[in-house]
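Just so you know, the sequences run in chain order A and E. Residues in the first sequence are numbered consecutively from 1, following my numbering. Residues in the second sequence are numbered consecutively from 1, following my numbering. Quick notes on the structure that follows.
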Amino acid sequence: MSNSAAAAAGQSVALSAGHAQHRWKGLTPFLVLLPSLIALVIFVYGFICVTLFISLSNWNTLKPDNTLRIPFGQTYVDLFSTPRFQADLRNTLVFTVLFILIATLVGLGLAILIDFNRKLFVIPFFRNVYLFPYALSFVVTGVAWRWIFNPETGINLFFDMFGINQLLASLGQAPLKPGWTTDPTVAFQLNGILEQVLGTEMRVKLGIPVALIPVAIAGMWQLSGFVMAMYLGGMTTISDEIREAARIDGATEWQVYRRVIIPLLRPVTISVVIILLHVSLKIFDLVITMSGVGPAFATDMPAIYVFETTFKATRYNLGMAAAIVMLILAAFVIVPYLARSLRQSEE
Amino acid sequence: MFKYGLKLSLVVLALLLVIAGAAVAQDAGQLEVFSWWTSGGEAAALDALFQVYSERVPGVEIINATVAGGGGSAARPVLQTRLAGGTPPDTWQVHPGWELLGQYVAAEYVSPITDLYASEGWNEVMPQGLIDTMTQDGEIYAVLAGVHRGNGFWYNKTLLDANGITIGETMSVEEFVAAADTLKAAGIPALCVGDSGIWATAQLFENTLLGTVGPENWMKLFAGEMAWDDDLVKQAMAAYSTMLDYQNEDHSSLSWDQAVAALMDGKCAFNSMGDWAYGEFVKAGLVDNEDFGWVSHPGTAGSFVIVADGFVLANGAPHPENTLEWLKAVGSIEAQEAFNPLKGSIPARTDVDREKFGPYHNWSMDSFANDSLVASAVHGSAAPALFQQALNDAVTVFVVDRDVDAFAAALVQGAADAGMVAN
Numbered sequence: 001m002s003n004s005a006a007a008a009a010g011q012s013v014a015l016s017a018g019h020a021q022h023r024w025k026g027l028t029p030f031l032v033l034l035p036s037l038i039a040l041v042i043f044v045y046g047f048i049c050v051t052l053f054i055s056l057s058n059w060n061t062l063k064p065d066n067t068l069r070i071p072f073g074q075t076y077v078d079l080f081s082t083p084r085f086q087a088d089l090r091n092t093l094v095f096t097v098l099f100i101l102i103a104t105l106v107g108l109g110l111a112i113l114i115d116f117n118r119k120l121f122v123i124p125f126f127r128n129v130y131l132f133p134y135a136l137s138f139v140v141t142g143v144a145w146r147w148i149f150n151p152e153t154g155i156n157l158f159f160d161m162f163g164i165n166q167l168l169a170s171l172g173q174a175p176l177k178p179g180w181t182t183d184p185t186v187a188f189q190l191n192g193i194l195e196q197v198l199g200t201e202m203r204v205k206l207g208i209p210v211a212l213i214p215v216a217i218a219g220m221w222q223l224s225g226f227v228m229a230m231y232l233g234g235m236t237t238i239s240d241e242i243r244e245a246a247r248i249d250g251a252t253e254w255q256v257y258r259r260v261i262i263p264l265l266r267p268v269t270i271s272v273v274i275i276l277l278h279v280s281l282k283i284f285d286l287v288i289t290m291s292g293v294g295p296a297f298a299t300d301m302p303a304i305y306v307f308e309t310t311f312k313a314t315r316y317n318l319g320m321a322a323a324i325v326m327l328i329l330a331a332f333v334i335v336p337y338l339a340r341s342l343r344q345s346e347e
Numbered sequence: 001m002f003k004y005g006l007k008l009s010l011v012v013l014a015l016l017l018v019i020a021g022a023a024v025a026q027d028a029g030q031l032e033v034f035s036w037w038t039s040g041g042e043a044a045a046l047d048a049l050f051q052v053y054s055e056r057v058p059g060v061e062i063i064n065a066t067v068a069g070g071g072g073s074a075a076r077p078v079l080q081t082r083l084a085g086g087t088p089p090d091t092w093q094v095h096p097g098w099e100l101l102g103q104y105v106a107a108e109y110v111s112p113i114t115d116l117y118a119s120e121g122w123n124e125v126m127p128q129g130l131i132d133t134m135t136q137d138g139e140i141y142a143v144l145a146g147v148h149r150g151n152g153f154w155y156n157k158t159l160l161d162a163n164g165i166t167i168g169e170t171m172s173v174e175e176f177v178a179a180a181d182t183l184k185a186a187g188i189p190a191l192c193v194g195d196s197g198i199w200a201t202a203q204l205f206e207n208t209l210l211g212t213v214g215p216e217n218w219m220k221l222f223a224g225e226m227a228w229d230d231d232l233v234k235q236a237m238a239a240y241s242t243m244l245d246y247q248n249e250d251h252s253s254l255s256w257d258q259a260v261a262a263l264m265d266g267k268c269a270f271n272s273m274g275d276w277a278y279g280e281f282v283k284a285g286l287v288d289n290e291d292f293g294w295v296s297h298p299g300t301a302g303s304f305v306i307v308a309d310g311f312v313l314a315n316g317a318p319h320p321e322n323t324l325e326w327l328k329a330v331g332s333i334e335a336q337e338a339f340n341p342l343k344g345s346i347p348a349r350t351d352v353d354r355e356k357f358g359p360y361h362n363w364s365m366d367s368f369a370n371d372s373l374v375a376s377a378v379h380g381s382a383a384p385a386l387f388q389q390a391l392n393d394a395v396t397v398f399v400v401d402r403d404v405d406a407f408a409a410a411l412v413q414g415a416a417d418a419g420m421v422a423n
């Protein structure tokens with residue numbers, strides 16, 4: 001899993017390199033940066049190369065085997081034909097969309113609520129309350145939400161407590177008892193259409209695994225406070241004159257946010273989405289503590305697959321191939337972002 | 001920020017240097033034992049081994065290198081890294097069979113201890129079938145501390161009595177289905193399963209497979225002489241599917257021990273589990289044959305699924321003398337008698353004092369002495385780790401889709417990938 005760390009570290013290198021260009025006064029900055037540069041070259045980029053090499057090798061027992069696998073790249077063919085990994089890619093896509101959507105919307109909503117009521121004396125209190133979950137580790141969040149979404153002892157008890165199930169029973173309906181993370185249903189399946197187009201049977205159900213929704217909610221709970229803080233930071237840079245001008249032009253409070261402030265916050269939104277994307281692409285701890293691989297791999301993630309394939313099945317080449325695929329996924333997100341911020345710092 | 005960051009990294013660097021220095025300064029009077037026995041009963045059992053060792057070899061400092069995490073999920077990566085990096089612990093816990101021979105012996109990470117078996121007289125007191133699972137090319141590579149029986153079928157006796165169900169000496173799948181239907185009519189799921197760790201239901205399948213194909217075909221399957229899509233195997237998969245129809249609804253949110261707890265609470269009646277479950281009953285203060293009972297998993301009477309724990313001598317162990325003494329201690333009668341009641345297993349030696357063990361363990365010892373010994377795939381003895389993972393993955397999907405053909409195809413693929421072919 002060094003690849004995801006690599007992506008994050010790569011980001012900071014590029015940023016500090018950008019600063020260094022501005023402050024270039026002789027050799028000192030270079031010498032100061034040198035140790036961390038060496039460490040980065042060895043432990044990040046060097047190991048990415050090692051990982052890539054292992055993924056092409058024959059190493060699939062405990063004993064290292066550095067011979068190249070023939071035919072070249074066969075491990076990647078194996079990887080993409082594994083139904084479990086196909087399910088992982090589906091889950092990553094679904095989870096990413098769900099998680100980013102709700103975390104951004106909820107974070108923005110909280111930011112607007114706080115910004116709108118910022119003169120109230122309780123606001124600093126709530127600002128901290130919303131931000132606190134971000135200080136927790138994903139492991140803690142995962143365990144707590146595992147309990148919350150336990151079908152026997154979790155929030156399902158509320159359906160009894162608030163009389164919803166009694167109401168349903170009086171109507172002759174079955175009680176409401178969602179399985180949450182234990183529900184194997186895959187909603188909105190596209191298999192029927194795709195199989196007609198492709199003409200082959202697919203082992204993996206393409207659709208939205210219902211069990212991912214509670215996981216996305218837990219992720220949202222943890223990170224929406226962070227999103228809120230980002231937006232609040234952005235809102236303080238928007239001067240009151242702009243708001244006043246909009247009001248004088250006859251905009252309602254809602255229209256001020258809808259037409260003026262949210263569009264002005266576009267750079268913040270981009271940063272938020274990028275940061276959330278790289279969280280969701282490499283997500284491991286939250287999922288493994290909350291739902292594990294899930295029923296029929298409904299909540300399995302590439303990072304879990306890498307871990308189990310490498311250390312449980314000792315298929316080092318296959319695990320490393322999956323890690324490289326994760327790196328490429330992350331690069332799709334990070335590289336354009338880095339290019340953009342580099343371009344901005346040069347201007 | 002930057003200034004503090006620099007200071008912090010200097011402090012961390014200094015700490016790392018101190019740790020590295022400490023690791024280099026090794027003493028002759030040490031022994032490093034690597035295991036993942038950290039839960040209550042397991043840790044106590046490991047401690048009992050340490051005590052026996054300390055009495056035999058006073059003055060040696062034991063480094064107890066445990067890494068917590070069920071089934072060694074966190075420990076194995078650490079061990080693998082140390083082995084690949086050439087800094088092995090002196091000894092670590094292993095399962096015999098494939099895990100020992102296929103992983104550690106083939107990679108030359110362990111040294112043979114055949115001489116110990118002769119000098120300590122173990123050849124006479126340990127069953128040959130068990131020694132064979134640790135032997136390659138005439139050399140023996142591990143000594144076992146204890147043996148678990150994997151094919152136990154535990155039941156809540158009070159609950160069954162209340163529903164007028166009596167269990168004989170053995171049980172067939174048909175008898176289970178009949179009992180399960182009676183319970184179903186009373187609104188009780190017959191089977192307790194806790195498969196949040198998928199191995200628990202994989203083990204249910206493994207036991208059902210053994211019950212259907214029998215011990216001889218079992219050997220053939222793992223030797224590659226019988227196909228994983230054989231009709232008999234598919235029959236076993238169908239039987240497994242039938243059993244799953246009677247499982248508790250919340251199975252995927254429970255761990256194996258929570259499923260045993262549900263059994264004790266009377267929420268469900270049967271649980272297919274190795275005899276580490278026995279420790280759970282004892283911890284809850286329940287009495288053998290009164291509150292709870294056991295038979296072999298339906299159809300597996302006459303077979304003993306071995307899930308054994310042993311120790312090895314690392315190739316390049318930093319303290320080889322102390323390690324040999326450790327292995328002698330593990331195989332000694334005192335250690336076997338002290339370790340096993342706490343761990344819930346039976347001794348690998350057959351010459352222990354049976355009075356020191358309760359009714360279940362005496363029953364298990366009889367089975368061990370008389371039945372066919374077969375290795376467990378779910379616990380890494382019968383097949384390579386690669387197949388073990390393929391089995392777990394196939395079971396994960398089968399529990400939901402119940403597609404026998406796809407299940408069989410996945411196992412055929414897994415066996416081929418793992419190189420399980422007839423010689």
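Even for Gly, the Cβ is constructed at its ideal location relative to N, Cα and C.
With DSSP collapsed to three states, give me the class of residue i.
| i | result |
| --- | --- |
| A313 (chain A) | coil |
| Y155 (chain E) | strand |
| A5 (chain A) | Note on A5 (chain A): pLDDT 47, under 50, position unreliable in the model; no value is reported. |
| F72 (chain A) | coil |
| L338 (chain A) | helix |
| T91 (chain E) | strand |
| S253 (chain E) | helix |
| Q11 (chain A) | Its pLDDT being 49, under 50, Q11 (chain A) is placed unreliably in this model, and the value from its coordinates should be taken loosely. Three-state DSSP puts Q11 (chain A) in a helix. |
| G85 (chain E) | coil |
| Q344 (chain A) | helix |
| I38 (chain A) | helix |
| L144 (chain E) | strand |
| V404 (chain E) | helix |
| A369 (chain E) | helix |
| R56 (chain E) | helix |
| A23 (chain E) | Confidence at A23 (chain E) is low in this model, with a pLDDT of 48, below 50, so its placement is unreliable and the value that follows should be read with caution. Three-state result, A23 (chain E): helix. |
| A187 (chain A) | strand |
| Q173 (chain A) | coil |
Assuming residue i is part of the alpha helix (DSSP H), what are its boundary residues?
| i | result |
| --- | --- |
| S435 (chain E) | The structure shown does not extend to residue 435 (chain E), since chain E is modelled only from 1 through 423, so no value can be given for it. |
| Q336 (chain E) | 333 to 343 |
Looking at residue i: is its Cβ nearer than 8 Å to the Cβ of residue j?
| i | j | result |
| --- | --- | --- |
| L221 (chain E) | F304 (chain E) | no |
| T159 (chain A) | L171 (chain A) | Residue identity differs from the one stated: residue 159 (chain A) is Phe in this sequence, not Thr. No, the pair does not count as a contact, with Cβ atoms beyond the cut-off. |
| V94 (chain A) | P184 (chain A) | no |
| L31 (chain E) | T323 (chain E) | yes |
| Y305 (chain A) | R90 (chain A) | no |
| Y104 (chain E) | L62 (chain A) | yes |
| T236 (chain A) | S252 (chain E) | no |
| S296 (chain E) | T170 (chain E) | yes |
| L265 (chain A) | G225 (chain A) | no |
| W37 (chain E) | A45 (chain E) | yes |
So residue i is in the beta strand (DSSP E); what residue range does that whole segment cover?
| i | result |
| --- | --- |
| N150 (chain A) | Note, N150 (chain A): premise wrong, no beta strand (DSSP E); not H, not E. |
| W294 (chain E) | 292 to 296 |
| T66 (chain E) | 61 to 66 |
Could you give the C-beta distance for residue i and residue j, rounded to a whole number, given that I count them as a contact under 8 Å?
| i | j | result |
| --- | --- | --- |
| A303 (chain A) | F284 (chain A) | 4 Å |
What do you reckon, is the C-beta of residue i under 7 Å from a heavy atom of the ligand FMN?
| i | result |
| --- | --- |
| A75 (chain E) | Only the bare structure without any ligand can be found here, which leaves the ligand FMN out of the picture. |
Could you check whether the Cβ of residue i sits closer than 8 Å to any Cβ belonging to chain B?
| i | result |
| --- | --- |
| D401 (chain E) | Reference to chain B is not applicable here, since the protein chains of this structure are A and E. |
Check distances from the C-beta atoms of the segment 311 to 340 of chain A to those of chain E and list, in chain order, the residues that come in under 7 Å. Per Cβ criterion, the list reads F311, K312, A313, T314, R315.
Can you list, in chain order, the residues of the segment 360 to 394 of chain E whose Cβ is nearer than 9 Å to any Cβ on chain A? Listed by position, the residues of the segment 360 to 394 of chain E near chain A (Cβ gap below 9 Å) are P384, A385, L386, F387, Q388, Q389, A390, N392, D393.
Got a sec: which bits of the segment 85 to 116 of chain E sit with their beta carbon under 8 Å from any beta carbon on chain A, in order along the chain? Residues are counted here when their Cβ sits less than 8 Å from a Cβ of chain A; for the segment 85 to 116 of chain E these are G102, Q103, Y104, A106, A107, E108, Y109, given in chain order.
Beta carbons nearer than 9 Å to chain E: which residues of the segment 52 to 68 of chain A have them? Listed in sequence order: N60, T61, L62, K63, P64.
Under 7 Å, CB to CB, which of the residues in the segment 64 to 81 of chain E have a partner in chain A? Result list: R76, P77, Q80.
Beta carbons nearer than 9 Å to chain A: which residues of the segment 247 to 262 of chain E have them? Correct list: E249, D250, H251, S252, S253, L254.
Short of 8 Å Cβ to Cβ, which residues in the segment 229 to 240 of chain E face chain A? Per Cβ criterion, the list is empty.
Tell me which residues of the segment 129 to 158 of chain A have at least one Cβ-Cβ distance to chain E shorter than 7 Å, keeping chain order. Hits within the stretch, in order: N150, P151, E152.
Given a limit of 7 Å on CB to CB distance, which residues of the segment 295 to 328 of chain E reach chain A? The residues in question: there are none.
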